[in-house]
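The block underneath contains the structure these notes are about, expressed in structure tokens.
In the numbering used here, the protein residues as written are -10 to 291.
Below you can see the structure in the form of structure tokens.
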């Protein structure tokens, strides 16, 4: 019995070991901030995941993706990386060459290929955002200057957030964070979705990014795709659907490993049973031999 336990215990330990849960990183898009992920983050944390929603600088694709890549470098273990809207372009660059990023999730997002930009994609798939923005010059330290893009206040509700109550949508207009024009004009130099499995959510009522663009990108990336009846800010309007998709991406690695672990456990169990049977048979044989030897000794004594 002791030998049986020694053989089977390591198998049980191996078979029962669960893969480490990934850290989920949520990257917001233009005209928004990290609080747009609040409903999604709350649901993911209830499921036991560590969630980080960093501030996307919105200063340009190259600088933004470099910053998000540095956030990823500070995280230990596997990562699931999700991006909304322009955040999709950022994660496609930030994840490139990082083996710890196991899944990408695109939520009503831009998903450019190498050589594409947000502007080139929107030119191919026009949306109402094209006439709903205004530009404002800005200055920064060191003589840096550029141009910011805002959504016009009277267009935030109909174009950006029509699936929210109008009062809530208007508040988003008050607190919106502008994106520099370079966020949309800079062309992607890499495309992480070519090597990392991806999931995509298409918002059928999206007037900021054309739903046909979202479908095209998802098909091109071979993403696991769902469609919902929501506007551009589906992560706020329907956090349940968005968090469900992120969970699919987070658990995909576990589901592909579990059958192998289960098979390994079963093999060990079978070997343990065989070892136990061999020990039992040997014990019976040894016992029978002892009985026969005892009888022979008694006969000689008589």
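Glycine residues also receive a C-beta, built at the ideal position from the N, C-alpha and C atoms.
- With a cutoff of 8 Å on beta-carbon distance, residue 52 and residue 43 are scored as not near each other.
- In the DSSP annotation of this structure, the continuous segment of the beta strand (DSSP E) that includes residue 95 starts and ends at 90 to 96.
- One alpha carbon belongs to residue 48, the other to residue 224, and they sit about 22 Å apart.
- Counting C-beta atoms within 10 angstroms of its own C-beta, residue 211 has fewer than 16 neighbours from the protein chains shown and is therefore classed as exposed.
- The alpha-carbon separation between residue 94 and residue 189 amounts to approximately 6 Å.
- Pairing residue 194 with residue 78, the inter-Cα distance amounts to about 21 Å.
- Taking a contact to require three or more Cβ pairs closer than 8 Å, the region 82 to 89 and the region 112 to 127 do not qualify as touching.
- The shortest CA-to-CA distance from residue 59 to any of 74, 33, 84 is the one to 84.
- By the criterion of at least three beta-carbon pairs nearer than 8 Å, the region 28 to 39 is not in contact with the region 157 to 177.
- Boundaries of the beta strand (DSSP E) harbouring residue 187: 187 to 192, taken from the DSSP string.
- Taken in chain order, the unbroken stretches of alpha helix (DSSP H) that lie wholly in the region 5 to 83 and span 4 residues or more are 27 to 35, 50 to 62, 75 to 83.
- If you look at residue 162, you'll find it in the alpha helix (DSSP H) that goes 155 to 164.
- No Cβ-Cβ contact shorter than 8 Å links residue 187 with residue 219.
- Residue 41 holds the alpha-carbon nearest to the alpha-carbon of residue 63 among 41, 74, 16.
- For residue 138, there is no enclosing alpha helix (DSSP H); the enclosing beta strand (DSSP E) covers residues 134 to 140.
- Assigned with DSSP and collapsed to three states, residue 200 falls in helix.
- Put simply, the region 193 to 209 does not touch the region 228 to 237. Fewer than three CB pairs are less than 8 Å apart.
- Here residue 228 has 28, 29, 32 as same chain residues with Cβ atoms under 7 Å from its own Cβ, once five neighbours each way along the sequence are excluded.
- For residue 171, the uninterrupted alpha helix (DSSP H) run begins and ends at 171 to 174, by DSSP.
- Taking 8 Å as the cut-off, the beta carbon of residue 153 is found closer than this to the beta carbon of residue 226.
- Taking all protein chains in view, the Cβ of residue 134 is surrounded by fewer than 16 other Cβ atoms within 10 Å, so the residue is classified as exposed.
- DSSP, read as helix, strand or coil, puts residue 184 in coil.
- With respect to the 8 Å criterion, residue 100 and residue 182 are classified as neighbours on the basis of their beta carbons.
- The alpha-carbon of residue 107 is positioned some 13 Å away from that of residue 82.
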